[in-house]
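Novice: Can you keep this structure in mind? I'll have questions shortly.
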Amino acid sequence: MDKVEYRDVIKYLVLKGNTPTQIKHELDSVYGDSAPSFTTVKFWAAEFKRSCKSLGDDERSGHPKIATTDDNIAKVHQMVLDDRRIKVREIAEVKNRSKERICHILN
156 MDKVEYRDVI KYLVLKGNTP TQIKHELDSV YGDSAPSFTT VKFWAAEFKR SCKSLGDDER
216 SGHPKIATTD DNIAKVHQMV LDDRRIKVRE IAEVKNRSKE RICHILN
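In the numbering used here, the protein residues as written are 156 to 262.
This is how it looks when you write it as structure tokens:
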């Protein structure tokens, strides 16, 4: 089941007047192991009690993930094929990316 569908059920049960504990028990009895955790149920129950209308995730601030585009992955791959002894630090300097992001691309 999709997490938006779980949120829909949680919203319905909150509007019915159930507590997060009752909601978690209901979800466990219906969905078993695939039910969301109590922390998730408690969070969304509180959101819906504060009149949250959206079931989806809100946009978050921060930079978009541009470092792992298909183009960057192909370029890093080509750099490794050209020189198999190249260091992660050297790739990071050439591509102007962090070493962690380059390691993520290489893995």
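We put the beta carbon where it would ideally sit given N, CA and C, even for glycine.
1) With H, G and I counted as helix, E and B as strand and the rest as coil, what does DSSP make of ILE165?
2) Within its chain, find whatever has a CB closer than 7 Å to the CB of ALA247; leave out the 5 residues flanking it on each side and keep chain order.
3) Can you check which of these residues, HIS232, GLU181, VAL196 and VAL249, is closest to ASN262 by C-alpha distance?
4) Would you identify the three-state DSSP class for ILE241, choosing helix, strand or coil?
5) Does the beta carbon of LYS230 come closer than 8 Å to any beta carbon on chain D?
6) So the candidates are SER184, ARG205 and THR194; which of them puts its Cα closest to the Cα of LEU170?
7) Quick one, are the C-beta atoms of PRO175 and LEU182 less than 8 Å apart?
Specialist: So, to answer that:
1) helix
2) SER253, LYS254 and ILE257
3) HIS232
4) coil
5) Among the chains of the structure shown, chain D does not appear; only one protein chain is present.
6) ARG205
7) no
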